[in-house]
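Q: Structure provided below as structure tokens; questions to follow.
There are 2 protein chains.
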Amino acid sequence: MSDTSLIFTDCVASSLAGIIEKEKPKGIFIIADSNTSPLIARPLMDNCQALDSARLITVDAGDENKNIDALASIWSRLSAEGATRHSMVVNIGGGMVTDMGGFAAATFKRGVRCVNIPTTLLGAVDAALGGKTAVNFAGLKNEIGVFANPLAVIVNARFFATLPAAELLSGYAELLKHALLEGADALAEALDFDLSNPDYDRLQQLLERSIKVKQRIVAEDPHEHGIRKALNLGHTAAHAFESLAMEKDSPVPHGHAVAWGLVVDLVLSRMLKGLDTQILHAVASYVDTHYPSPSALCSDYDRLLQLMRHDKKNITADSINFTLLQAAGSPVIDCEVAPADITAAIDICRDLLHA
Amino acid sequence: MSDTSLIFTDCVASSLAGIIEKEKPKGIFIIADSNTSPLIARPLMDNCQALDSARLITVDAGDENKNIDALASIWSRLSAEGATRHSMVVNIGGGMVTDMGGFAAATFKRGVRCVNIPTTLLGAVDAALGGKTAVNFAGLKNEIGVFANPLAVIVNARFFATLPAAELLSGYAELLKHALLEGADALAEALDFDLSNPDYDRLQQLLERSIKVKQRIVAEDPHEHGIRKALNLGHTAAHAFESLAMEKDSPVPHGHAVAWGLVVDLVLSRMLKGLDTQILHAVASYVDTHYPSPSALCSDYDRLLQLMRHDKKNITADSINFTLLQAAGSPVIDCEVAPADITAAIDICRDLLHA
Numbered sequence: 004m005s006d007t008s009l010i011f012t013d014c015v016a017s018s019l020a021g022i023i024e025k026e027k028p029k030g031i032f033i034i035a036d037s038n039t040s041p042l043i044a045r046p047l048m049d050n051c052q053a054l055d056s057a058r059l060i061t062v063d064a065g066d067e068n069k070n071i072d073a074l075a076s077i078w079s080r081l082s083a084e085g086a087t088r089h090s091m092v093v094n095i096g097g098g099m100v101t102d103m104g105g106f107a108a109a110t111f112k113r114g115v116r117c118v119n120i121p122t123t124l125l126g127a128v129d130a131a132l133g134g135k136t137a138v139n140f141a142g143l144k145n146e147i148g149v150f151a152n153p154l155a156v157i158v159n160a161r162f163f164a165t166l167p168a169a170e171l172l173s174g175y176a177e178l179l180k181h182a183l184l185e186g187a188d189a190l191a192e193a194l195d196f197d198l199s200n201p202d203y204d205r206l207q208q209l210l211e212r213s214i215k216v217k218q219r220i221v222a223e224d225p226h227e228h229g230i231r232k233a234l235n236l237g238h239t240a241a242h243a244f245e246s247l248a249m250e251k252d253s254p255v256p257h258g259h260a261v262a263w264g265l266v267v268d269l270v271l272s273r274m275l276k277g278l279d280t281q282i283l284h285a286v287a288s289y290v291d292t293h294y295p296s297p298s299a300l301c302s303d304y305d306r307l308l309q310l311m312r313h314d315k316k317n318i319t320a321d322s323i324n325f326t327l328l329q330a331a332g333s334p335v336i337d338c339e340v341a342p343a344d345i346t347a348a349i350d351i352c353r354d355l356l357h358a
Numbered sequence: 004m005s006d007t008s009l010i011f012t013d014c015v016a017s018s019l020a021g022i023i024e025k026e027k028p029k030g031i032f033i034i035a036d037s038n039t040s041p042l043i044a045r046p047l048m049d050n051c052q053a054l055d056s057a058r059l060i061t062v063d064a065g066d067e068n069k070n071i072d073a074l075a076s077i078w079s080r081l082s083a084e085g086a087t088r089h090s091m092v093v094n095i096g097g098g099m100v101t102d103m104g105g106f107a108a109a110t111f112k113r114g115v116r117c118v119n120i121p122t123t124l125l126g127a128v129d130a131a132l133g134g135k136t137a138v139n140f141a142g143l144k145n146e147i148g149v150f151a152n153p154l155a156v157i158v159n160a161r162f163f164a165t166l167p168a169a170e171l172l173s174g175y176a177e178l179l180k181h182a183l184l185e186g187a188d189a190l191a192e193a194l195d196f197d198l199s200n201p202d203y204d205r206l207q208q209l210l211e212r213s214i215k216v217k218q219r220i221v222a223e224d225p226h227e228h229g230i231r232k233a234l235n236l237g238h239t240a241a242h243a244f245e246s247l248a249m250e251k252d253s254p255v256p257h258g259h260a261v262a263w264g265l266v267v268d269l270v271l272s273r274m275l276k277g278l279d280t281q282i283l284h285a286v287a288s289y290v291d292t293h294y295p296s297p298s299a300l301c302s303d304y305d306r307l308l309q310l311m312r313h314d315k316k317n318i319t320a321d322s323i324n325f326t327l328l329q330a331a332g333s334p335v336i337d338c339e340v341a342p343a344d345i346t347a348a349i350d351i352c353r354d355l356l357h358a
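Structure representation (structure tokens):
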């Protein structure tokens with residue numbers, strides 16, 4: 004798996020033009036969703052001569068459309084418009100677009116180069132970098148996918164200033180996760196940020212620091228055999244919260260589920276790994292202040308456990324695996340946790356977040 | 004991409020048991036088609052204690068079923084039966100099964116280990132080794148796939164003694180291709196083999212030599228940026244012959260199309276690269292003796308050119324690329340050939356093969 008260039012810029016058009024000049028792709032295919040297509044992709048195409056002959060493929064927005072049917076529609080367009088393995092795909096959108104567009108590119112004619120331009124904070128911090136591509140399948144998140152690194156990720160923090168507050172919250176949960184993995188200083192800095200009244204210059208600095216935490220961990224272990232599992236902090240519970248919400252036809256943003264999942268994992272870390280209680284309470288209080296409360300009910304616990312057993316990170320279908328923390332910056336991967344401890348932790352999490 | 008163990012054996016059950024003992028997969032999923040499932044997979048499961056808890060997933064036989072729907076049905080079964088990324092997939096069948104089962108394994112939860120047990124000569128010589136997985140899409144062969152090496156390929160030449168003659172012909176075309184890429188000695192040996200009255204001990208020796216040609220070339224260039232394209236000898240024309248036959252609802256075996264494609268490429272090699280005419284005529288005569296004649300008509304030439312333009316190996320949709328030979332053992336990759344030369348070569352090929 005080759006390296007990804009990470010580009011921070013005020014001008015996406017010129018950064019992208021530079022990549023195109025260097026790579027000389029035979030055909031450029033831009034994948035965007037019904038939100039980013041008119042707002043970001045079209046204006047970018049109008050302002051970038053290197054995109055003059057690019058084709059735009061628009062998919063319906065929303066994680067519920069990150070599915071096999073939408074994937075097949077991308078493949079069909081690529082095929083019908085004569086894409087070759089020497090073409091280039093440019094994904095413009097949040098994680099839904101970079102996950103699905105990345106998977107389409109990785110599998111079309113066994114692999115076409117792609118560039119990710121995240122348009123959400125969550126996408127920038129999480130999905131755009133690291134090579135995890137996927138679609139949802141059979142009601143399960145990211146069940147089908149491959150590891151395939153993008154050629155480059157182009158990050159323009161200005162995009163995020165125009166996002167609704169909910170989107171910002173969603174991305175910030177992953178930023179908190181990276182801070183927990185980096186150490187006490189990074190965590191204090193992240194918890195000091197006022198999400199209700201964001202300072203975007205400060206956010207950009209936090210963002211660069213945060214993305215580099217992920218880049219460092221992924222470079223050590225691209226295929227997630229070891230330390231990359233640390234990035235799963237909060238995610239075993241988060242995926243279950245998300246899948247449950249999908250089943251109830253009231254999907255929740257990934258980042259909200261991650262914020263709740265982080266609190267579940269910190270409770271477990273306190274219970275099982277001796278994590279300092281102040282860290283748990285500082286994070287729980289921050290999440291409680293800025294995020295909605297978890298939507299899961301006591302009657303959902305059995306289903307949440309079932310969903311966790313399906314998580315890709317689990318060694319067997321009978322065990323449930325978590326990444327936990329001994330301290331900020333000291334993750335412990337592959338922690339098997341008993342179902343009773345998990346339901347206790349969800350219960351405490353719901354209390355802390357006033358659910 | 005990690006290496007593949009290549010195992011020649013008289014006892015597939017014990018070889019597979021050895022792999023399972025070493026790898027300790029959490030769950031084994033055998034993928035077979037409606038032919039190999041009762042004839043080979045079931046008896047193997049009955050005779051191999053290591054497969055006691057394995058699940059059998061059977062797909063409809065035939066290349067026309069190597070499609071997204073069948074792929075989704077495999078993913079569904081894996082998902083429903085609790086496969087994890089620590090499970091193992093065992094593909095038992097010809098290229099259709101190893102291509103599609105390999106792709107299913109490579110993409111389920113972003114990648115599950117797999118072992119290929121080819122049950123046809125074609126599968127053993129070609130599809131089972133080399134990491135190319137795929138399904139057909141939008142009427143195009145292998146349009147969607149990834150490179151993902153199997154953990155091991157287990158080859159038992161005894162399987163092929165029970166194959167119908169047509170299957171033997173099909174695999175033998177790829178064996179001829181490897182001989183052309185290896186050199187004059189290997190070619191002479193391959194052309195000396197009596198396909199109408201096969202000696203299976205001799206075939207096993209030829210087979211080992213042949214598979215190792217492919218293994219050597221793939222190891223040099225797993226993702227087909229350079230020398231691996233040599234393995235495309237005969238295949239630009241062959242894929243077009245196959246796609247045309249699919250469009251006409253009278254599919255031809257891959258290996259027959261490859262035999263015709265080899266003759267087309269040798270005609271072009273004679274025309275454009277000075278290949279010795281004796282090699283062209285020796286191969287054409289062997290193909291004419293043992294294989295059916297090409298089914299394409301003069302009126303199909305334009306469509307064949309269109310189909311070649313869609314070939315994954317092409318740099319742009321406007322050019323058509325071939326691997327040609329200067330001599331046996333001396334391939335030249337990335338040869339752009341003019342449409343008029345291609346139709347002339349197809350015409351000469353049809354004459355040589357008495358179509």
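If you read the sequences in order, they're chains A and B. Each position in the first sequence, counted from 1, maps to that position plus 3 in this note's numbering. Each position in the second sequence, counted from 1, maps to that position plus 3 in this note's numbering. The beta carbon of each residue, even a glycine, is placed where N, CA and C say it ideally should be. Remember, predicted model here, so these are calculated numbers, not experimental data.
What are the start and end residues of the alpha helix (DSSP H) that includes B/G264?
A: The continuous alpha helix (DSSP H) containing B/G264 extends over residues H257 to K276.
Q: Look at the alpha carbon of B/V110 and the alpha carbon of B/G148, and state the distance between them as a whole number of angstroms.
A: This sequence places Thr at residue 110 of chain B; Val is not what is there. Roughly 9 Å separates the two Cα atoms.
Q: For the region 243-254 of chain B against the region 50-64 of chain B, are there 3 or more C-beta pairs whose distance is under 8 Å?
A: no
Q: Is there a C-beta anywhere in chain A that falls below 7 Å from the one on B/I147?
A: yes
Q: Nearest chain D C-beta to A/F140 closer than 7 Å, yes or no?
A: The displayed structure is made up of protein chains A and B, and chain D is not among them.
Q: Hey, quick one: how far does the alpha helix (DSSP H) through A/F106 stretch, first residue to last?
A: Secondary structure note for A/F106: its alpha helix (DSSP H) is the uninterrupted segment G98 to T110.
Q: Kindly indicate which residue of A/L236, A/E170, A/V15 and A/G85 has the alpha-carbon position closest to the one of A/V261.
A: A/L236
Q: Below 7 Å between beta carbons is the criterion; list the residues of the region 109-120 of chain B that meet it against any residue of chain A, in chain order.
A: A109, T110, F111, K112, R113 and G114
Q: Is the Cβ of A/F163 closer than 7 Å to any Cβ of chain B?
A: no
Q: Starting from A/I33, trace the beta strand (DSSP E) both ways and give me its first and last residue.
A: I31 to D36
Q: Which of the three DSSP states, helix, strand or coil, is assigned to B/I323?
A: coil
Q: Going by C-alpha to C-alpha distance, which of A/F150, A/C338 and A/A330 sits closest to A/I133?
A: Residue identity check: residue 133 of chain A is Gly in the sequence provided, not Ile. Taking only the C-alpha atoms, the option nearest A/G133 is A/F150.
Q: Measure the beta-carbon distance from A/D268 to A/T326 and round it to whole angstroms, keeping in mind my assumption that it falls under 8 Å.
A: Their Cβ separation, rounded to whole angstroms, is 7 Å, which keeps A/D268 and A/T326 in contact under 8 Å.
Q: On the three-pair Cβ rule with 8 Å, is the region 298-318 of chain A touching the region 331-348 of chain A?
A: yes
Q: Which runs of the beta strand (DSSP E), 3 residues or longer, sit entirely within the region 8-95 of chain B?
A: 8-11, 31-36 and 58-62
Q: Check B/N235 in the structure and name its three-state DSSP category.
A: If DSSP states are grouped into helix, strand and coil, B/N235 belongs with the helices.
Q: Under 8 Å: do the region 152-162 of chain B and the region 113-129 of chain A share three or more Cβ pairs, one atom per stretch?
A: no
Q: Examine chain A for any beta-carbon lying closer than 7 Å to the beta-carbon of B/W78, and answer yes or no.
A: At a cut-off of 7 Å between beta-carbon atoms, B/W78 makes contact with chain A.
Q: For A/P153, does the count of other Cβ atoms within 10 angstroms reach 16, so buried, or fall short, so exposed?
A: buried
Q: Whose Cβ in chain B lies nearer than 8 Å to the Cβ of A/I31?
A: Per Cβ cutoff of 8 Å: no residues; A/I31 is ~13 Å from chain B at best.
Q: Beta-carbon of A/F11 versus every beta-carbon of chain B: anything under 7 Å?
A: no
Q: Does the region 209-228 of chain A touch the region 176-194 of chain A, meaning 3 or more C-beta pairs lie closer than 8 Å?
A: yes
Q: Under 7 Å, do B/L172 and B/Y294 count as touching if we go by C-beta distance?
A: yes
Q: Just to confirm, are B/I10 and B/V93 a CB contact at a threshold of 7 Å?
A: no
Q: A/I22: which of A/D13, A/A155, A/D195 and A/A35 sits nearest, CA to CA?
A: Residue A/A155 is the option with its Cα nearest to A/I22.
Q: Mind listing the chain B neighbours of A/A137? Cutoff is C-beta to C-beta under 8 Å, in chain order.
A: Per Cβ cutoff of 8 Å: R113.
Q: According to the Cβ coordinates, are B/V115 and B/S90 closer than 7 Å?
A: yes
Q: On a Cα-Cα basis, can you pick out the residue from A/S8, A/V100, A/L194 and A/A75 that is closest to A/D36?
A: A/V100
Q: For the region 65-90 of chain A, enumerate the residues whose C-beta is nearer than 8 Å to any C-beta of chain B, in chain order.
A: For the region 65-90 of chain A, the set of residues with a beta-carbon nearer than 8 Å to any beta-carbon of chain B comprises I71, A75, W78, S79, S82, A83, G85, T87, R88 and H89, in chain order.
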